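Throughout the sequence shown, residue numbering follows UniProt numbering, covering 1 to 263 in sequence.
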Amino acid sequence: MRQKRAKSYRKQMLVYNHSFKFREPYQVLVDNQIVLDTHKSSYDLVKGLKRTLQAEVKPMITQCCMQALYETGNQDAIEEAKTYERRRCNHPPKEPRPPLECIMSIVDVNGKNKHRYVVASQDLEIRRKLRSVPGVPLIYMNRSVMVMEPLSKASETVNKTQEHEKLFKGLNDPKYAGLSHDPESANSKTPALQKKKRQAKEPNPLSVRKKKAKTASSDSMKFVGSADENQEESDQSTLKRRKRKRSHKKTSDATVAVEESDA
Numbered sequence: 001m002r003q004k005r006a007k008s009y010r011k012q013m014l015v016y017n018h019s020f021k022f023r024e025p026y027q028v029l030v031d032n033q034i035v036l037d038t039h040k041s042s043y044d045l046v047k048g049l050k051r052t053l054q055a056e057v058k059p060m061i062t063q064c065c066m067q068a069l070y071e072t073g074n075q076d077a078i079e080e081a082k083t084y085e086r087r088r089c090n091h092p093p094k095e096p097r098p099p100l101e102c103i104m105s106i107v108d109v110n111g112k113n114k115h116r117y118v119v120a121s122q123d124l125e126i127r128r129k130l131r132s133v134p135g136v137p138l139i140y141m142n143r144s145v146m147v148m149e150p151l152s153k154a155s156e157t158v159n160k161t162q163e164h165e166k167l168f169k170g171l172n173d174p175k176y177a178g179l180s181h182d183p184e185s186a187n188s189k190t191p192a193l194q195k196k197k198r199q200a201k202e203p204n205p206l207s208v209r210k211k212k213a214k215t216a217s218s219d220s221m222k223f224v225g226s227a228d229e230n231q232e233e234s235d236q237s238t239l240k241r242r243k244r245k246r247s248h249k250k251t252s253d254a255t256v257a258v259e260e261s262d263a
């Protein structure tokens with residue numbers, strides 16, 4: 001397989017994985033015609049599917065397609081198909097349905113590929129009808145080369161819608177942007193904005209002084225003030241005492257002088 005084609009197939013399978021939840025190993029539903037064509041050209045069908053899908057595969061075949069192989073009488077192709085997993089289609093073995101009707105009943109479940117099948121078919125009608133079902137990878141053989149069809153229009157539309165929805169999730173979702181979702185406002189052309197209620201704000205804790213610091217500072221100021229007052233009182237008392245001593249000395253000297261004059 002060429003590198004350019006392998007890269008495009010890898011991108012397609014990434015789309016199926018992300019948008020339609022495909023998981024490995026891929027369930028590949030084969031029809032009777034592709035089994036006959038690969039056996040005729042000595043092409044290993046399982047290896048080709050692994051190389052095309054670039055992953056592990058689980059080949060499956062329905063009971064109605066096996067009955068169509070029995071009718072051909074190609075014993076080697078029948079033995080090869082017996083190695084594949086048998087997919088029950090709930091159709092009676094005695095009255096098998098055509099491969100087109102059988103495969104469509106399994107893959108197309110209410111317009112969706114519910115079981116996530118990869119369909120490998122050589123029938124043009126099967127591939128044409130399955131293109132209308134989103135999320136169905138289609139594979140066929142073209143001159144001993146296995147080819148996977150590009151994304152159908154149905155698959156592309158589903159992929160685009162999902163990518164568009166992802167843009168409006170999270171912060172871009174209107175319900176997180178303050179838009180009302182009432183039925184009356186939904187019917188109106190312009191959505192009404194919800195007014196945000198103002199709540200009382202608390203003061204900034206960094207701008208508020210702590211109470212403990214206030215009490216400590218006030219106590220320290222009181223202590224300093226009382227200490228100053230005590231110091232002043234002690235100074236005044238010492239001054240008074242000194243004055244009293246000085247006055248006492250003067251009176252004693254005066255009395256001595258008077259006594260001497262009298263004598």
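All C-beta atoms in this analysis are idealised placements derived from N, C-alpha and C, irrespective of residue type, glycine included.
Just so it is clear, the structure is predicted and the values come from calculations on it, not from any experiment.
Just to confirm, is the Cβ distance from residue i to residue j under 7 Å?
{"i": "Ile103", "j": "Ala120", "result": "no"}
{"i": "Val30", "j": "Ile61", "result": "yes"}
{"i": "Asn159", "j": "Ser8", "result": "no"}
Please state whether DSSP places residue i in a helix, a strand or coil.
{"i": "residue 266", "result": "The question about residue 266 has no answer here: the residues shown for the chain are numbered 1 through 263."}
{"i": "Asp76", "result": "helix"}
{"i": "Asp108", "result": "strand"}
{"i": "Asn113", "result": "strand"}
{"i": "Met13", "result": "helix"}
{"i": "Glu85", "result": "strand"}
{"i": "Gln54", "result": "coil"}
{"i": "Gln199", "result": "coil"}
{"i": "Pro99", "result": "helix"}
{"i": "Leu49", "result": "helix"}
{"i": "His18", "result": "helix"}
{"i": "Tyr26", "result": "strand"}
{"i": "Leu206", "result": "coil"}
{"i": "Val35", "result": "helix"}
Please name the residue, chosen from the options, that lies closest to residue i on a Cα-to-Cα basis.
{"i": "Leu100", "options": "Thr52, Gln122, Pro205", "result": "Gln122"}
{"i": "Asp76", "options": "Cys64, Thr161, Thr38", "result": "Thr38"}
{"i": "Gln67", "options": "His91, Gly48, Lys47", "result": "His91"}
{"i": "Val118", "options": "Thr72, Asp108, Arg127, Pro137", "result": "Pro137"}
{"i": "Arg10", "options": "Tyr43, Lys50, Gln33", "result": "Lys50"}
{"i": "Arg131", "options": "Lys169, Val35, Val147, Asp108", "result": "Asp108"}
{"i": "Lys129", "options": "Lys114, Ser105, Gln162", "result": "Ser105"}
{"i": "Thr52", "options": "Val15, Arg2, Glu85", "result": "Arg2"}
{"i": "Val145", "options": "Leu45, Pro134, Met13", "result": "Leu45"}
Should residue i go down as buried or exposed, given a rule of 16 or more other Cβ atoms within 10 Å for buried?
{"i": "Val28", "result": "buried"}
{"i": "Asn113", "result": "buried"}
{"i": "Glu80", "result": "buried"}
{"i": "Gln33", "result": "buried"}
{"i": "Arg198", "result": "exposed"}
{"i": "Ser42", "result": "exposed"}
{"i": "Val35", "result": "buried"}
{"i": "Arg5", "result": "exposed"}
Is any non-hydrogen atom of the ligand FAD found closer than 6 Å to the C-beta of residue i, if you look at the structure I gave you?
{"i": "Glu149", "result": "Ligands are entirely absent from the displayed structure, and the ligand FAD is therefore not among its contents."}
Given 8 Å as the limit, is there contact between the stretch 53 to 72 and the stretch 22 to 37, that is, 3 or more CB pairs closer than that?
The stretch 53 to 72 makes contact with the stretch 22 to 37, as at least three CB pairs between them are under 8 Å.
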